[in-house]
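Worksheet for the structure shown next.
There are 2 protein chains.
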Amino acid sequence: MDLQLMEKQLKAVSDSNRLTLLSCLKSAEVCVCDFVDILGISQPAVSQHLKKLEEAGIITARKVGTWKHYRLIENQTPIIRAVLDELEERQACNCGTGTSCD
Amino acid sequence: MDLQLMEKQLKAVSDSNRLTLLSCLKSAEVCVCDFVDILGISQPAVSQHLKKLEEAGIITARKVGTWKHYRLIENQTPIIRAVLDELEERQACNCGTGTSCD
DNA sequence: TCTATATATAAGTTAATTATTATATAAGAG
DNA sequence: CTCTTATATAATAATTAACTTATATATAGA
């Protein structure tokens, strides 16, 4: 595994906000709006965190109307797999409950 | 695994200089003086990197005269084990060749 | 088309990291 | 005891990262 990619992925996951995002994504797709509530930071800050995880090849997204749903990619590197294994699953998303996105 | 420890360990390994230190430590004990040559940064900078790895519970040290030899601890967490598995071993140390420490 | 909502990007600020230089500590050699 | 060498700590400068506010883009709906 390339040392540069390794560093990039490790930097991407070495932040408590982003680890929280990943623990939510373990079990389900989550949309950006839900993360704003969970982390208690501004929407642009959330977008920037998600971008970092996406650029590191850890998550991906699909558009659903005006919403954007993020999820883990399928084939993670061994290091990211180990990180995900250590993270507790966290129920995060209101998606489907009708309160926000769906 | 505690989220705080996890973040601390991930921060400790998410730096290319420190990843290089670890790749040297995979195969052997290494003393500080050798790392200065390898990384091409100042001796205090090396000390600070080693301290960060030590505080994260990844490496430990023993004194040998005025030298200090660092090595990996035996029981690594799953994440750090995954990181070490991905790192290529690197021959780093002059120890034993008589050029510097021994 | 105009408006409202969700998300992204840009610019700027604050905070955290990583480096440097200077100095302290500790051990061995003379 | 003094000098030298190896390492650590302190203070500080430089770089990078994370957040905020303001603005842009894109989509849905009236």
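Chains G and U, in that order, give the protein sequences. For the first sequence, full-length UniProt numbering gives the first residue as 1, with consecutive numbering after it. For the second sequence, full-length UniProt numbering gives the first residue as 1, with consecutive numbering after it. Built from N, CA and C at the ideal position, the CB exists for glycine as well.
Worksheet entry | Cutoff 8 Å: alanine 56 of chain U Cβ touching any chain G Cβ | As a first step, residue 56 of chain U must be located in the second sequence, where it is residue number 56. It does not; no Cβ of chain G falls within 8 Å.
Discussion item. Can you check whether the C-beta of leucine 21 of chain G is within less than 8 Å of a C-beta belonging to chain U?
Written reply: Along the first sequence, read from residue 1 onward, the residue named residue 21 of chain G stands at position 21. Answer no: the Cβ-Cβ gap between leucine 21 of chain G and chain U never drops below 8 Å.
Practice prompt. Check whether the Cβ of glutamate 89 of chain U lies closer than 8 Å to any Cβ atom in chain G.
Written response: On the second sequence, residue 89 of chain U is found 89 positions in, with the first residue counted as 1. No, glutamate 89 of chain U lies away from the interface with chain G (no Cβ there is under 8 Å from its Cβ).
Worksheet entry | Helix, strand or coil at alanine 45 of chain G [DSSP, three-state] | In the first sequence, residue 45 of chain G corresponds to position 45, counting from 1. Three-state result, alanine 45 of chain G: helix.
Worksheet item: Listed in chain order, which residues of the region 68-81 of chain G have Cβ atoms closer than 7 Å to some Cβ of chain U?
Response: Pro78 and Ile79
Item to complete: Determine the DSSP secondary structure at leucine 87 of chain G, reduced to helix, strand or coil.
Response: As a first step, residue 87 of chain G is located in the first sequence; it is residue number 87 there, counting from the start. Note: leucine 87 of chain G maps to coil in three-state DSSP.
Worksheet item: With burial defined as no fewer than 16 other Cβ atoms inside 10 Å of the residue's Cβ, what is the status of serine 42 of chain U: buried or exposed?
Response: In the second sequence, the residue the question calls residue 42 of chain U occupies position 42. Burial call: exposed.
Worksheet item: Buried or exposed: where does glutamine 9 of chain G fall if 16 or more other Cβ atoms within 10 Å of its Cβ makes it buried?
Response: For this step, residue 9 of chain G is matched to residue 9 along the first sequence. Glutamine 9 of chain G is buried by the Cβ-count criterion.
Fill in: C-alpha distance - valine 46 of chain G paired with lysine 63 of chain U, whole-angstrom precision
Taking the first residue of the first sequence as 1, we reach residue 46 of chain G at position 46. Taking the first residue of the second sequence as 1, we reach residue 63 of chain U at position 63. Approximately 46 Å, taken between the alpha carbons.
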